[in-house]
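J.: Mapped onto mature numbering (1 follows the signal peptide of the UniProt record, and there is no 0), the consecutive letters of the sequence shown carry residue numbers -23 to -1, 1 to 499. No residue lacks a Cβ here, since even glycine has one placed at the ideal position from N, Cα and C. Got a structure for you, written out below as C-alpha cells; questions coming shortly.
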Amino acid sequence: MKLGQGAILTVLLIALGIHGAVATRVQTGLYKRFPYCKCTPKARTGLILGPVTEYKDEDRAAICFSLWLGSPSDVSKSCNKGFVQLTKLEIDINPECTPHNTIVTPLLGSYLGTYDWNLSASFDMPQSAPQGRAILRINRINTYPNEDDPVDVCLHLEPNQGRPGACDSLQKLCAVQAGAPAGTCNVAYFGNQQGCCSSGLVQIGNPVYVLGPAFTPPWPCSYFVDTSASWIWSSAGANSVATKDTTPVFHQRLWLQDPVAAKMHIIADNACDFYLDGVYKGTALGGFQGSYTTQIPVQLDAGSREIVLWCTNAWVADGSSDSPAGVLAALVSDADGSVLIRTDAAWTYTISTTLDDVLPIGPTPAFVLGSPSMSPWFSSNFPDQFAFWIGATATDASDASCLVVTVYSKSLDLEADTQAVLHVAADNVVQVYLNGAFVAGAEGGFESFYPNHPFFALSLKAGRNTFDIRVTNAWTSNGMGPAGLLASLINPLLDPLSPNRTLLHTDSSWTVRLDQPVPPRR
C-alpha cells in the first residue's frame, strides 16, 4: 500500500520518538496564559524551581531544569497529598521549533552527569491554547525528589539532519517572555494529582564574579562576621564600576538536617532584598561605610532552602558618575555561630529586567502623607513642590513596616512621543519600571538623608505609559521605620512656568499594591 505524505510524516515522527504539532490545528484560546490548561493558580506542588544549569559531559551537553523539594510545611500542604511526585514538565516554546528541525533528547541529571531515564519529549500546540502557541512536553518523569538532591530534568538539543531553524539553545527554544532576556523560559511542573501544577520563569544561572574578601577596596569591611565570605557581583571589576541599568539576582541553596534559627548578615553596595524560599524577608542598605551590618533573623525549616539576594546599584543624580557595586553576606546559626552559607564562587546569578514580585494585596489608593518639606524628609529643594509624599498606610511617615514590598502605580496617556525627566526621592530603596521594563534603581534622595536626588531621562511613547515604582524600607531591628515615595515627571522642553510642564506627580490618584499584608505594629 502506498502511503501519503501525511502518513509518511507520522511514521517519521514516531521513529524519532517525538510527536510534532499539527500546523493547521485550530486552537480555542480557552486558557489565555501558559500552561494553557486547568492548573490551580495557588496550588503548591511541594517543589521549588531553581535557575537552569548546564551539564557538559564528554559525549553531550544538556540544559537542566532543577526542582528542589520544599520545606516539610510545603510538602504537607501540597496538592501532591503529601507525597511529592514530579510527573511531567511543560515549556512555553517558539512555535517554529518542531521535530523537523530539532531533536530533543530528555534526560535526568545528577552530580555525576546526565543519564537516560526512558523519558519522552513531544512538541504540541495545545487545543486549549491561543492560536499559534506551542509547548514542549516532557513526560514519564515519575520521580520522587528526596531531601539531598534536586531532580534535574535535562534536554539535549541538536539540529535534525542539519536542517535550518534548529532550536538548539534556550534562546531559540523558549517563547519570548515580555520584558525578560532572551533564553528566559516559562516552565510548568506537574504532580500526580489533577490540576496539581506550578509554573515560573527561569534563566540559566551564570557563575558570579568574586571581587575579593571582606576588606576589598573600596569597602573596608574587615569587621564582617565571616572573614571567609567574599564580595560578589554579576560583572568583573564591579568594585570599580558596575552598570546601573539591570538588577542582578543572586542564587544559592543549602540543605538542613534540622530546623535552624539564624541571622542573614548583609553588607550591600547599594542595596539587596533578601528572600528565603521565595518570601521577602527584608532589605539591606549599605553598611560598608562603617561597622554597621544588616542582620535579618529567619527561621529555616529542615530540607532544601533557597537563598536569593535581589540587588540594586543605585543611581545618583543624573546617573553619569561611575559607581561600584557588590554584596557580602553570610547566614549564621544563632545556636553555635556556625556559617551555614556565605557569598562565594558557588553562587549563581540571573538578571531581572521586569517587575517579578507577586502582589496579591491591592490595588488600593495610596495615602497622601504630606508635602515635600514634611518631616522626616524635609525635601524643600525637590523640583516639584506640588507633589506629595505618598505611602501604603496613613502612618508610613513614622511607622512603616520593613517586612513588605510596596509598588506604587500610575498611568499617563500621551498624544505624541514625549521626552521627559522623572525626579524621585524615596525612603529607602526604589526601583522604577516603565511599561513593565526596569529603568533604574536608587536610594534616598531626600534632604535629611542625601540631598542629591536621582532623576531619569525617559522617552515616552504616544498612548498609555504605565509607571510602577517599587519601594522597600530598609531593615531595622524592630521591623519599623519611616517610608514613602516622592516623584514628579516633568517635560524639560517646556517653560518652567508652563502649567503643562508637570506630566504627573505623586498624589492621591496613585495606587498601591503589596506582596503581603502589612503586619501589626510591634
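1. Check whether the Cβ atoms of LEU66 and VAL130 sit closer than 7 Å, and answer yes or no.
2. Which value, in whole angstroms, describes the spacing of the CA atoms of GLY182 and VAL256?
3. Rounded to whole angstroms, what is the Cα-Cα separation between ALA238 and ASP254?
4. Would you call GLU35 buried or exposed, if buried means 16 or more other Cβ atoms sit within 10 Å of its Cβ?
5. Taking just the CA atoms, how far does VAL185 sit from ASP299?
6. Considering only their Cβ atoms, is the gap separating ALA419 from TRP292 smaller than 7 Å?
7. Output needed for VAL128: all residues of its chain with C-beta closer than 6 Å, excluding positions within five of it in sequence on either side, in chain order.
8. Going by alpha carbons, who is nearest to ALA402 out of GLY214, LEU463, THR82 and VAL218?
9. By Cβ distance below 8 Å, which residues in the same chain neighbour TYR410 in space, the five residues on each side in sequence not counted?
10. In angstroms with no decimal places, state the Cα-to-Cα distance between ASN468 and PHE355.
11. Ignoring anything shorter than 3 residues, give me the beta strand (DSSP E) runs that lie fully in the segment 438 to 482, in order along the chain.
12. Per DSSP, what kind of secondary structure is CYS198 in: helix, strand or coil?
13. Using only the alpha-carbon positions, how far apart do PHE344 and GLY422 sit?
14. Say whether the segment 365 to 377 touches the segment 449 to 461, bearing in mind that this needs 3 or more beta-carbon pairs closer than 8 Å, one atom from each stretch.
15. At which residues does the alpha helix (DSSP H) containing MET147 begin and terminate?
16. Report the start-end ranges of each alpha helix (DSSP H) in the segment 41 to 125 that is 4 residues or longer and not cut off at the edges.
17. With distances taken from CA atoms, which of CYS151, THR327 and GLY139 is nearest LEU132?
18. Give the C-beta separation of ARG319 and GLU283 to the nearest angstrom, bearing in mind that I take them to be a contact with Cβ-Cβ under 8 Å.
19. Tell me whether GLY368 sits in a helix, a strand or coil according to DSSP, three-state version.
20. Quick check on the DSSP output: what are the complete beta strand (DSSP E) runs of length 3 or more inside the segment 160 to 226, in order along the chain?
21. Check this for me: beta carbons of GLY259 and PHE251, under 7 Å apart or not?
22. What residue does the beta strand (DSSP E) around LEU332 start on, and which one ends it?
23. Between ALA165 and CYS174, which are expected to be in contact by the criterion C-beta below 8 Å, what is the C-beta distance as a whole number of angstroms?
24. Taking buried to mean at least 16 other C-beta atoms within 10 Å of its own C-beta, is GLN362 buried or exposed?
25. If you reduce the DSSP assignment to three classes, tell me which class residue 521 lands in.
26. With distance defined between alpha-carbon atoms, name the residue in TRP208, TYR326, ARG10 and SER55 nearest to PRO195.
27. From which residue to which residue does the beta strand (DSSP E) around CYS249 run?
28. How big is the Cα-Cα spacing for GLY27 and SER329?
29. Once DSSP output is grouped into helix, strand and coil, what is the label at GLU283?
30. Measuring straight from C-alpha to C-alpha, what distance separates VAL(-2) and ASP101?
T.: Inspection of the coordinates gives the following:
1. Between LEU66 and VAL130, the gap from beta carbon to beta carbon is short of 7 Å.
2. Looking at the two C-alpha atoms, the distance is approximately 20 Å.
3. 15 Å
4. A caution first: GLU35 carries a pLDDT of 49, below 50, which makes its placement in the model too unreliable to give a value.
5. One alpha carbon belongs to ASP299, the other to VAL185, and they sit about 21 Å apart.
6. yes
7. Taken in chain order, the residues that qualify are LEU44, LEU63, THR120 and PRO122.
8. LEU463
9. THR331, LEU332, VAL416, PHE444, ASP445, ILE446 and ARG447
10. Each residue's Cα considered, the two are about 24 Å apart.
11. 440 to 449, 461 to 467 and 479 to 482
12. coil
13. 20 Å
14. yes
15. Met is not the amino acid found at residue 147; the sequence shown has Leu there. Its alpha helix (DSSP H) spans residues 147 to 150.
16. 49 to 53
17. CYS151
18. 16 Å between Cβ atoms; not a contact.
19. DSSP places GLY368 in the strand class (E or B) of the three-state scheme.
20. 162 to 167, 174 to 179, 186 to 190 and 207 to 210
21. Against a cut-off of 7 Å, the Cβ pair of PHE251 and GLY259 comes out as a contact.
22. No beta strand (DSSP E) contains LEU332, which DSSP labels as neither H nor E.
23. Between CYS174 and ALA165 the Cβ distance is about 5 Å, and since that is below 8 Å, they are a contact.
24. Answer is exposed; the Cβ neighbour count stays below 16.
25. Nothing can be reported for residue 521: it is not among the residues displayed for the chain, which extend from -23 to 499.
26. TRP208
27. 248 to 253
28. Taking the straight line joining both Cα atoms gives about 14 Å.
29. strand
30. Here the model assigns VAL(-2) a pLDDT of 41, short of 50, so the residue's position is not dependable, and the following value carries that caveat. In a straight line, the C-alpha of VAL(-2) is about 8 Å away from that of ASP101.
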